[in-house]
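**Q** Quick one: this structure, given as structure tokens, is what I'll be asking you about.
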């Protein structure tokens with residue numbers, strides 16, 4: 002199960018970051034990355 006969650010986390014992060022980078026908002030990219038990471042960390046428990 003953990004492998005599927007990690008794959009989903011990576012895919013979601015990649016898609017979101019590509020879209021945010023188009024907007025040229027580096028702070029938004031960092032916040033999004035941390036938010037996704039925290040969400041999936043909480044999901045595992």
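In this note's numbering, the protein residues as written are 2 to 46. Where is the CB? At the ideal position from N, CA and C, for every residue including glycine.
Going straight from the alpha carbon of residue 35 to that of residue 5, what length do you get?
**A** Their Cα atoms are separated by approximately 19 Å.
**Q** Using only the alpha-carbon positions, how far apart do residue 15 and residue 26 sit?
**A** Those two C-alpha atoms are separated by around 15 Å.
**Q** Which same chain residues, not among the five before or five after residue 21, have their C-beta less than 8 Å away from its C-beta?
**A** Closer than 8 Å at the Cβ level, and outside the excluded window around residue 21, lie 29, 30 and 33.
**Q** Where does residue 25 fall in DSSP's three states?
**A** Looking at residue 25 - three-state DSSP - the assignment turns out to be coil, as it is neither helix nor strand.
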